[in-house]
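Just below is one structure, and these are the notes that go with it.
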Amino acid sequence: MNKQHSHEGHDRQLPQRPSHEVLLFWISSEQAGPPVWIEEPSSAPPLRCMALNWHTAGRPRTQEGAAAWAAQSIRALQGEGPYWLAAETGSAELMHAIALQLLGQDQEVAFLGLLGALPAPVPAGAALRSRALPAWSIDPANGLVQRLELMATGAKVLSSTVVREPDGTRESLEALWSDALDLADSLAPQRAPELDYQPLIKLQAGWPGHTPLFCVPGAGDSVMGLRDWAAALGAEWPVYGLQPRGTDGVLLPHTTVEAAAAAAVRALESVVGKGPVHLAGHSFGGWVAFEIALRWQDLGREVLSLTLLDSEAPEAAGVLDKEYSHLDICEQLAGSLELALGRPLGIFRHQLAPLTPAQRLAALHAAMTRHGLLPTRTRPDVMEGPFQAFGAALRTSYRPTGLWEHPVCLVQADDPRRSAERNTQDQQRDGDGWLLWAPQMRRWKGPGNHMSMLKPPHVQHCVDWWFSQQESFSRPAKPSESQHKTKDMGVN
């Protein structure tokens, strides 16, 4: 293959594919035309060149926004992975961010390739930890192929191989790409641990024969925040939490509702097989619960109840309409923590603005330990996982894949920071928005705020109303003492 891509007078040699048929995307961060087809002999599939056209998309404010838009464009051309991506070293950070977006959608990334000398790494302490991804680089000036760990903050060279004498010709460059792709193809693929994630945590064992309730917490939250809801239901109810991925700071969070719901459906099947379920979701988790319900129904299975706890209505905003900077996410997270705390946290945007990302999380951590939201023995980096998951949820838009024709319970709560009129308007807007997707929506304004509604004493009032709406419920006969099971907070 002897193909070049010319843009604004500069020629860029695109890498060859390995011998088997895959599609390799060349990532460029320059303003250019939309993704183009490069014609190839009929015996091979076309090479697809990604040139990001910000003129039609709207210029992204953040790296995450650019990566989300690019990943969306890539998947419009190739719906499912594995994906092979390549870029010049100047676009290394963007390519890394695109790969994270694809992994967040449970898509495999088979190859990341860089052309040119590696950039200097970001100094230690200047940025948050970055997920390392396997990658390759070619250095035409020295005839090198290097195996890398690529991060947003730079790259770590694992091995270097001089594969041929450089002579500056196009043929030599093509040969180097071929060597790199062949070396990558010869290694056993590294399966991303995200693809094997198990979200299920048993909150309450319940009684035998009782249909279980599966709960999805809100953005950045742990399923442990739903323990009081489980307890308020009564000991007979089996209750499972679906822990959002990424809160541990090790795995990447899901970047689409659909990917999170698909993983949850597999978890449900491991417990109930093809049986019926109850579903509930708090805040952003309501979107995930709604999508789980649609998918469970599509499989020909029964959802006995679907409950949305103060969940905003879905909206079909584009990925560039859901951009949040690191500072934006810090401010939003501080506000959420204040609702949980019931009083000001003492963290303000103007205080966070001049700080580095690591310093901002340290400031949030200090405030949380000061107010008793975290133990004093914890380190500031304990915030990275919840922050990462919270930010991914904020940046996610959702358009349901279908209508839900069965009853849905929507419990809403006031925001004490807003006027009564504003709360009424917001709740009416969300109720009307949900009616577009769930015509049999049943709304109720519950006690407490967005966070305290899940805690005593408010949670019992919410559960009592929920029971009043479930006309088909009948409490099972109490089992014998030997059958009775207690709470189990372990992974099922």
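For the sequence shown, counting from 1, position 190 maps to 195 in my numbering; every step adds exactly one.
Yeah, the Cβ is synthetic: ideal placement off N, Cα and C, and Gly gets one too.
| query | result |
| --- | --- |
| Whether residue 294 touches residue 284 by CB criterion (8 Å) | yes |
| Residue 470 - containing alpha helix (DSSP H), residue span | 463-474 |
| When 153, 182, 233 are compared against residue 464, the one with the closest alpha-carbon | 233 |
| Exposure label - residue 122; buried when at least 16 CB within 10 Å | exposed |
| Per-residue burial, residue 275 [other beta carbons within 10 Å of its own, 16 or more giving buried] | exposed |
| Assigned exposure category for residue 390 - 16 Cβ within 10 Å defines buried | buried |
| Those runs of the alpha helix (DSSP H) which lie wholly inside the region 165-233 and span at least 4 residues | 175-191 |
| Best match in 86, 470, 157, 139 for proximity to residue 29 [C-alpha to C-alpha] | 86 |
| Sufficient close CB pairs (3 or more, under 8 Å) joining the region 328-337 to the region 399-408 | yes |
| Contact under 8 Å by Cβ, residue 209 with residue 235 | yes |
| Residue 308: first and last residue of the uninterrupted beta strand (DSSP E) it sits in | 308-314 |
| Assigned secondary structure, residue 139 (DSSP; H/G/I helix, E/B strand, else coil) | strand |
| Three CB pairs or more closer than 8 Å across the region 72-83 and the region 94-114 | yes |
| Alpha-carbon to alpha-carbon, residue 66 and residue 258 | 21 Å |
| Residue 144 in three-state terms, based on DSSP | strand |
| From 312, 165, 111, 187, residue whose alpha carbon lies closest to that of residue 287 | 312 |
| Whether residue 135 touches residue 152 by CB criterion (8 Å) | no |
| C-alpha distance - residue 372 paired with residue 352, whole-angstrom precision | 7 Å |
| Segment contact, 8 Å Cβ cut-off, at least three pairs: the region 182-193 with the region 214-233 | no |
| Whole-angstrom C-beta distance between residue 385 and residue 360, which should lie under 8 Å | That belief does not hold up - the Cβ atoms of residue 360 and residue 385 are roughly 12 Å apart, past 8 Å. |
| Close-in-space but distant-in-sequence residues of the same chain around residue 146 (CB under 8 Å, 5 per side omitted) | 122, 171 |
| Under 8 Å between C-beta atoms of residue 450 and residue 432 | yes |
| Sub-8 Å separation of residue 267 and residue 111 beta-carbons | yes |
| C-beta atoms of residue 5 and residue 394 nearer than 8 Å | Because the chain spans 6 through 497 in this model, residue 5 falls outside it and cannot be assessed. |
| CB of residue 378 within 8 Å of CB of residue 346, strictly | yes |
| Residue nearest to residue 139 in terms of C-alpha spacing, selected from 120, 148, 229, 196 | 196 |
| Close-in-space but distant-in-sequence residues of the same chain around residue 314 (CB under 6 Å, 5 per side omitted) | 287, 416 |
| Environment of residue 161 [buried if 16+ CB atoms lie within 10 Å] | exposed |
| Cβ pair residue 249, residue 281 closer than 8 Å | no |
| Residues of its chain near residue 99, where Cβ-Cβ distance is below 8 Å and the 5 sequence neighbours each way are ignored | 32, 34, 68, 71, 72, 75, 92 |
| Opening and closing residue of the alpha helix (DSSP H) in which residue 324 lies | Premise fails: residue 324 is in no alpha helix (DSSP H) and is neither H nor E. |
| Residue 438 - containing alpha helix (DSSP H), residue span | 425-440 |
| Rounded Cβ spacing between residue 413 and residue 445 (contact assumed at less than 8 Å) | 6 Å |
| Nearest neighbour of residue 376, chosen from 322, 342, 466 [CA to CA] | 342 |
| According to DSSP, residues forming a beta bridge with residue 117 | 90 |
| Close beta carbons around residue 381, own chain, < 6 Å, minus the five adjacent residues each side | 374 |
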